[in-house]
Structures are given as structure tokens and as C-alpha cells.
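Single-structure report; data block below.
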Amino acid sequence: MSSRVLRKLGLQTEKDLIIPGDEASDTEADFSSGGTKKKLNLNRYDLLNQQSHSESEVKEDDDHETTGSINASEAGGENKDAQKRKKKKKKKKCSSKAQNPRSSEDNFEDEVERSVREVNQILGEPCKQATPASEPDVFTSSNKIKLLAVEPKFLNANNELKRMFGSRVVHAETNSKRKSRGRAHVKQTILVNIKDTWPPVGKPGISMKLLNKTAFSSDGSILQFVFEHSVQYQQVQMKFLEAVESLNPDNIVMILNSNSYHVDALLQLSELCRHSEDFSMAADLVERALYCFESCFHPSFNMTSPNTLCRLDYCKQENRGFFIALFKHTLSVGNHACYRTALELCKVILSLDPETDPLAVILLIDFYALRAQEYDWLIRFYNEWEPDRNLSQLPNFKYSMAIAHFQNNDPETAHVLLQEALIMFPMVLLPLLEKCAIQPDSRVQNHPFFTGHAPKTTSPSLQQLVSLYVERSYHVWKESELLPWLERNVLLVLDQVDKGLPCVEEAKQKRQRLYQATIPRSILRHVVLSDVKNVTAIIPEDTRSPIFNFDPLPPLDSVNLYTRPNTSRIGVIDNPHTLSIFFRSFMPTFNVNQAAQEAAVALPDVLQGGGAEGGAVEGAGGIGGVASASVDLRRSVNSLIDAMRDLLSNIHMPDVQDDGDVEDEED
């Protein structure tokens with residue numbers, strides 16, 4: 001009998017049991033021992049009424065029982081015989097275990113494993129124990145991680161608006177919209193605020209998968225993710241690419257009408273709204289694209305965790321929409337003076353791919369740091385990233401660091417940095433003063449260092465960076481304290497130039513050596529997406545494919561899931577439309593004169609009249625045709641925007657009957 005059952009009965013061994021058939025032998029044993037023993041009437045089948053145990057426990061008890069009997073027999077026998085019996089028992093034990101059938105608990109474990117496998121097929125295979133990276137990543141140091149740490153409360157532009165205008169103003173507008181729409185409580189998001197006019201996201205056909213996990217410290221790891229498209233979404237994407245190649249925006253609107261959260265269609269129409277100066281609708285479409293991405297995040301994807309670094313590869317075609325939507329959203333909130341929110345969004349974009357920085361956020365992050373008055377953070381960021389990224393070779397950082405030290409009450413360092421910036425990038429001064437509406441000093445205006453020397457030593461690549469910085473940051477220099485400080489240091493720089501100090505010639509040689517190469521594609525993408533006034537991207541000559549804002553200048557090593565349809569109609573359009581000409585203006589090979597001629601031919605009511613009138617119009621050349629095409633273009637764009645605005649504004653959620661269910665957003 002099992003030793004466990006014997007212990008329940010208060011007995012030590014089976015010999016203590018009194019069986020009715022063995023009363024005589026038991027009596028003799030009692031007399032021989034000189035004592036009395038109480039008989040125990042026991043029905044062995046009563047043990048079945050006791051609490052049942054699992055089969056695995058019974059097996060363990062049987063094993064313990066066997067081991068216990070072996071030990072008891074070994075104690076009474078010789079050592080040699082005991083070892084033989086022990087080996088024999090072990091063999092018997094192993095053979096009995098092999099012959100035992102699978103228990104119900106084993107079957108239950110199989111069910112659990114099967115469920116885990118099904119979950120892994122949906123969310124991706126779980127990574128094994130994170131192994132330290134073979135080569136240390138320069139962007140995983142503790143200081144760099146702290147500098148790019150994102151605070152969730154600063155990602156919401158409404159929170160910054162509350163700090164500027166007060167909670168009452170923001171809450172009043174939000175509550176009035178909710179009461180008119182009757183919007184119920186929805187899922188909380190961190191990137192954008194869900195609007196009542198947006199339809200339910202449902203299943204947009206986009207998912208996120210965890211690719212691998214690499215440990216960079218004892219408590220930190222890098223998680224590599226990728227977005228994936230369903231089969232249905234891939235079919236819609238191919239239709240979208242065909243619509244783009246057709247150069248007919250109506251086809252894109254039709255795709256968005258049937259697929260409200262198609263990301264590339266939202267981004268492309270957002271650009272169209274921005275060109276028509278409907279900035280509110282443009283921002284709304286970008287926010288809707290971000291909401292679509294955020295609803296598809298992997299459970300492990302956390303942009304605000306200090307110990308988990310989430311990465312996305314820009315070379316993956318499916319990932320690029322998230323980068324571009326974040327970048328456009330950053331520019332949008334920055335235009336609304338939410339500079340701290342824009343700074344946090346720059347951190348998010350840079351942390352997703354810090355090694356390549358595919359959208360050149362490094363040209364933008366210093367501007368928002370200065371506008372948000374995060375001077376100490378900008379100084380620490382420069383000191384930490386300068387050894388790896390050579391930030392001192394960028395005009396924006398060279399001048400921004402001088403301003404940061406000046407505003408941070410470090411005038412001595414600020415003087416030195418500003419003079420170094422003026423010597424290294426003298427071509428910044430005159431355009432900057434012109435944008436600030438400041439008349440330069442006569443000595444400055446007549447000195448060849450700023451008038452003749454600077455333009456001659458400026459390559460096209462460097463000139464593009466300078467123009468981008470001046471057009472974006474001239475507002476920073478309009479503060480009353482900065483312009484007199486700039487004037488004093490300009491005169492000191494001219495003294496150094498007149499003395500012929502070697503630092504001036506060294507800066508000239510360095511400038512000519514560093515900026516002669518082709519401008520990187522990341523900077524070109526930045527210029528295209530920023531669309532800063534008076535700054536045009538210098539497109540490489542080998543670029544022949546059209547440039548669209550939903551995916552401008554893809555990487556040369558791009559991993560493409562989709563390929564644009566090859567059509568022979570690019571550049572030659574049967575019956576051209578003015579909106580088609582508008583879309584073709586995004587292409588680097590666009591010719592405005594050729595477009596005007598095509599638009600003139602497309603006006604049969606005006607240009608194909610008979611008799612003398614037709615000859616008169618034709619003899620007028622392209623003047624009347626260009627004017628008519630311009631008017632027709634504006635009317636067509638405005639009508640399209642009005643139709644799209646009406647379509648999007650008529651999408652409402654069902655009214656909530658119980659007003660008590662409506663919840664106000666937390667501060």
C-alpha cells in the first residue's frame with residue numbers, strides 16, 4: 001500500500017494493518033511481544049472515498065514507496081547485495097515509467113502549448129532569452145537613451161495648449177464638440193486625440209510584428225519591429241499606386257471613400273490640402289493616419305519606456321508611412337506653437353532609427369529645442385552626439401549651440417561658439433539679417449568676407465542647408481538681446497579676418513573639402529517633406545521616378561513589397577487635365593511651359609473655335625491658354641477640396657443616448 005495512505009491512517013508499515021484472515025498469526029505475534037495490539041477493521045475500498053489526487057502525485061508516491069522499501073531492505077542486508085537490488089529496482093522503475101500512458105495533465109499541457117503556438121502565429125514568435133550584442137551600439141549608451149527618453153504627457157498637443165491658454169479654453173472647445181456629436185468614450189491614445197468625425201478604425205489591414213530582441217545591458221533590450229499588410233490591404237495598395245500613376249486625384253478620393261484608413265491615400269490627400277492652404281484638413285488627415293498606426297501597435301511596442309528601445313527599419317516599405325506621418329505631424333504641431341510637443345515627437349522619430357536618421361530630424365530638433373527653451377537639454381544632446389554624428393559640421397547646430405549657451409547664462413562660451421560659427425559659415429549672416437529686416441553695418445556690407453568670399457566657397461549642398469536654416473530659424477534671432485550680441489561678434493570676426501588668423505583659412509579649406517559630395521537622400525527627403533519656402537531640393541540627376549509625398553526618394557537598398565505600375569504614359573497624357581498637371585508638378589522633371597501648352601490644348605471650348613475666332617485665339621499663343629489653365633486649375637482644386645471636406649465631415653459616429661456615458665478627457 002502507498003506510504004502516503006499509511007501515514008494518513010497513522011501507521012508506519014503494512015505490517016501494522018490487521019487483516020481478518022491473519023488473526024491467528026497476529027495473536028501469536030502479540031503474545032510474543034508481550035503486549036496487546038488494537039485491531040483495526042479496515043475496508044480498503046473505503047480509501048476510494050478519500051480526496052482523489054492527480055495521477056502524477058500517485059506516481060510520485062509510488063516512486064517514494066519503492067525507494068523507501070529499497071532503503072529498508074538495504075539496511076538489513078549486506079552492502080553488496082543491497083547495491084545489486086538497488087540497481088535492479090532502478091531498472092524496473094525506469095521501465096515502468098516508460099510504459100505508463102500519458103496522463104490527463106500531459107494532455108492539458110499539450111493544449112496550452114497549442115494555444116501558445118496559435119498566439120505566436122498572430123503576434124510573432126517570442127524571442128528567446130536576450131543575448132548581449134556582439135558589437136556595442138554607440139546609440140545605446142545610458143546618456144543617449146536618457147536624452148531621447150520621451151515623456152507621454154508632452155506628446156499630447158492639447159496639454160501644451162492648456163499650459164499656454166488655460167484649461168478652461170481647451171476644455172470648453174472640447175466639451176462643445178462632444179455635446180454636439182455625442183461621442184462615447186474611446187480608447188486612449190498618446191500620439192493624437194481621437195476626433196468625433198473619424199470613423200471607427202476597425203481592422204485596417206495593418207499589423208505589427210516583433211522581429212528580434214537584443215540585450216544591450218542587464219535591464220535593457222532593443223526590440224526590432226516591422227509593420228505588415230494583410231492580403232486585402234495589399235490589393236487596395238496596388239489600386240492606390242495605379243491611381244497615383246493615373247495622375248487623377250478623383251481615383252485617390254474613391255479609394256479613401258471605401259477605405260477610410262488607407263495610410264498612403266491619407267498622406268497624399270493631406271499634401272493636396274496643404275497646397276490648397278487648407279491646413280486644418282491636412283493636419284486632420286495626418287492625425288487619422290497616425291491613429292491607424294497606433295491602433296495596430298504590438299503589445300511590446302512602447303515608445304516611452306526607458307529600458308526598451310523600439311526600432312523600425314526605414315528600408316522596409318511598410319514602415320515608411322509611420323515615419324512620414326510622424327514627421328508631418330511634428331511640423332503641424334510646431335506650426336501651432338506647440339514646440340515642446342514637436343520636440344518630443346522629434347525624439348520619437350530619431351529613436352526609431354538613430355543610426356541612419358532617414359528623415360534628417362537632426363536638422364529640425366535644435367530649432368524646436370530652442371523654441372521650447374530646453375537649452376540645457378540641447379547642450380547635453382550636442383555634447384553626447386557630436387563624437388558620433390559630427391554635429392559641428394551642420395550650420396543649424398553651429399549657430400544653435402551659441403544661442404543655447406547665451407540663453408543658458410554662459411556668455412563666454414557663447415561668444416566663442418558664435419565667432420566659430422561665423423567663420424565656418426559666413427554665408428548665413430546676410431540672408432539672416434535680410435529675413436530679420438535688419439540693415440547690416442557698412443563695414444559688414446562692404447567687406448569681401450561676407451559678400452564675395454562666402455558665396456564663392458559655398459557648394460550647392462551647403463547652400464541648401466544654409467537656406468533651410470535661415471528660412472526656419474530667423475524667428476529665433478528676432479529677440480531683442482540676440483541681434484546686438486550678433487552685431488558685436490560679427491565685428492570681432494572681421495578683426496580676426498583682417499589680421500589673417502590661421503583659423504579663417506582652416507575653416508575655408510574644411511568647408512571646401514566637406515561639402516563637395518552629393519547631398520544625402522535623407523536631407524533631400526527632409527527638404528521635400530518640410531516644403532520650406534524658398535528652399536528647393538536638389539534632386540540627383542539619376543532620379544527619374546516621380547517624387548510623391550507618401551514615399552519621397554526611397555532608399556537605394558529599399559525592401560519593397562510593392563512596385564509601382566510601369567506605364568508608358570508618364571510624361572505624355574491623352575486629354576490632360578489641370579489637376580493632372582497639378583500632380584505632375586511634384587515630379588522633378590516637370591516643365592511648366594510644356595504643362596501650359598498641354599493645358600491650352602485641353603480647352604476645346606476656347607481654343608478649338610471655328611473661323612476667325614479660332615485663328616485669333618490660336619494666334620494669341622500661350623498667353624490666353626496659360627491664364628485659362630490657371631483659373632481652371634484653381635477651380636478644379638477648390639472643388640475637389642470642397643467635395644472631400646464634405647465627404648469627411650459627414651462621417652459621424654452614432655449619437656450616445658445616455659449623456660452619463662460621455663467622459664471628459666483628463667488633463
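The sequence shown runs contiguously to residue 667 in full-length UniProt numbering. Note that beta-carbon positions come from the ideal geometry of N, C-alpha and C, so glycine has one too.
Exposed or buried, which one is residue i when buried takes at least 16 other CB atoms within 10 Å?
| i | result |
| --- | --- |
| A537 | buried |
| L483 | exposed |
| K347 | buried |
| V631 | With a pLDDT of only 48 at V631, under the threshold of 50, the placement of this residue in the model should not be trusted; the figure read from the coordinates follows. Label assigned to V631: exposed. |
| S134 | Low per-residue confidence applies at S134: pLDDT is 42, beneath 50, and the placement is therefore not dependable enough to give any value. |
| M281 | buried |
| A620 | Reliability of the predicted coordinates at A620 is poor, the pLDDT of 37 falling under 50, and the value obtained from them is presented with this limitation in mind. Under this definition A620 is an exposed residue. |
| D542 | exposed |
| K478 | exposed |
| K144 | buried |
| H447 | buried |
| D495 | exposed |
| V527 | buried |
| L501 | exposed |
| C273 | buried |
| Q237 | buried |
| N259 | buried |
| L556 | exposed |
| L529 | buried |
| P654 | Reliability fails at P654, whose pLDDT of 48 lies under 50, so the model's placement of it is uncertain and the value that follows must be treated cautiously. The residue is exposed, with fewer than 16 neighbouring Cβ atoms inside 10 Å. |
| E344 | buried |
| E506 | exposed |
| T330 | buried |
Between residue i and the rest of its own chain, which residues show a CB-CB distance below 6 Å, the 5 nearest in sequence each way excluded?
| i | result |
| --- | --- |
| T458 | M427 |
| I523 | A360 |
| V192 | E287, L290 and Y291 |
| L462 | Y515 |
| L553 | R521, L524 and R525 |
Name the two residues that bound the continuous beta strand (DSSP E) containing residue i.
| i | result |
| --- | --- |
| I222 | S221 to H229 |
| L312 | T308 to L312 |
Going by DSSP, what residues sit across from residue i in a beta bridge?
| i | result |
| --- | --- |
| M208 | F227 |
| T214 | I222 |
| K316 | V559 |
Starting from residue i, trace the alpha helix (DSSP H) both ways and give me its first and last residue.
| i | result |
| --- | --- |
| L514 | P502 to L514 |
| S141 | Per DSSP, S141 belongs to no alpha helix (DSSP H) and is neither H nor E. |
| Q463 | P460 to S473 |
| V416 | P411 to M424 |
| H526 | R521 to S530 |
| K347 | Y339 to L352 |
| N383 | Y375 to R389 |
| I255 | P249 to S258 |
| E160 | A157 to F165 |
| A289 | F279 to E294 |
| I538 | No alpha helix (DSSP H) holds I538; DSSP gives it neither H nor E. |
| S270 | V263 to H275 |
| E487 | L482 to K499 |
| L370 | I365 to R371 |
| M303 | Counting along the chain, M303 falls outside any alpha helix (DSSP H), and DSSP gives it neither H nor E. |
| V444 | S442 to N446 |
Return the Cβ separation of residue i and residue j in integer angstroms, given the expectation that the two are a contact with Cβ distance under 8 Å.
| i | j | result |
| --- | --- | --- |
| V493 | I403 | At roughly 16 Å, the Cβ-Cβ gap does not stay under 8 Å, so V493 and I403 are not in contact. |
| H298 | F225 | 6 Å |
| L312 | N319 | 5 Å |
| S558 | Q317 | 6 Å |
| S270 | F367 | 22 Å between Cβ atoms; not a contact. |
| I190 | L155 | 5 Å |
| G321 | L267 | 7 Å |
| A283 | S221 | Not really, about 35 Å apart at Cβ, beyond 8 Å. |
| Y399 | T356 | Going by Cβ atoms, the distance from Y399 to T356 rounds to 25 Å, so no, they are not a contact pair. |
| L223 | L241 | L223 to L241, Cβ: 31 Å. No contact. |
| D376 | N408 | 6 Å |
Go through its chain and collect everything with a Cβ distance to residue i's Cβ below 7 Å, but skip five positions before and after it.
| i | result |
| --- | --- |
| residue 681 | With the chain running from 1 to 667 in the structure shown, residue 681 is simply not present. |
| F450 | P426, L429, L430 and V444 |
| V490 | L422, L429 and V444 |
| E384 | N143, K144 and L147 |
Leaving out five residues on either side along the sequence, give the residues of the same chain with a beta carbon under 8 Å from the beta carbon of residue i.
| i | result |
| --- | --- |
| L148 | K347, L350, S351 and P354 |
| Q419 | N489, L492, V493 and Q496 |
| E386 | S392 |
| C296 | P204, I206, S207, M208 and F227 |
At a Cβ threshold of 7 Å, is residue i touching chain B?
| i | result |
| --- | --- |
| F279 | The question asks about chain B, but that chain is absent: this structure has only one protein chain. |
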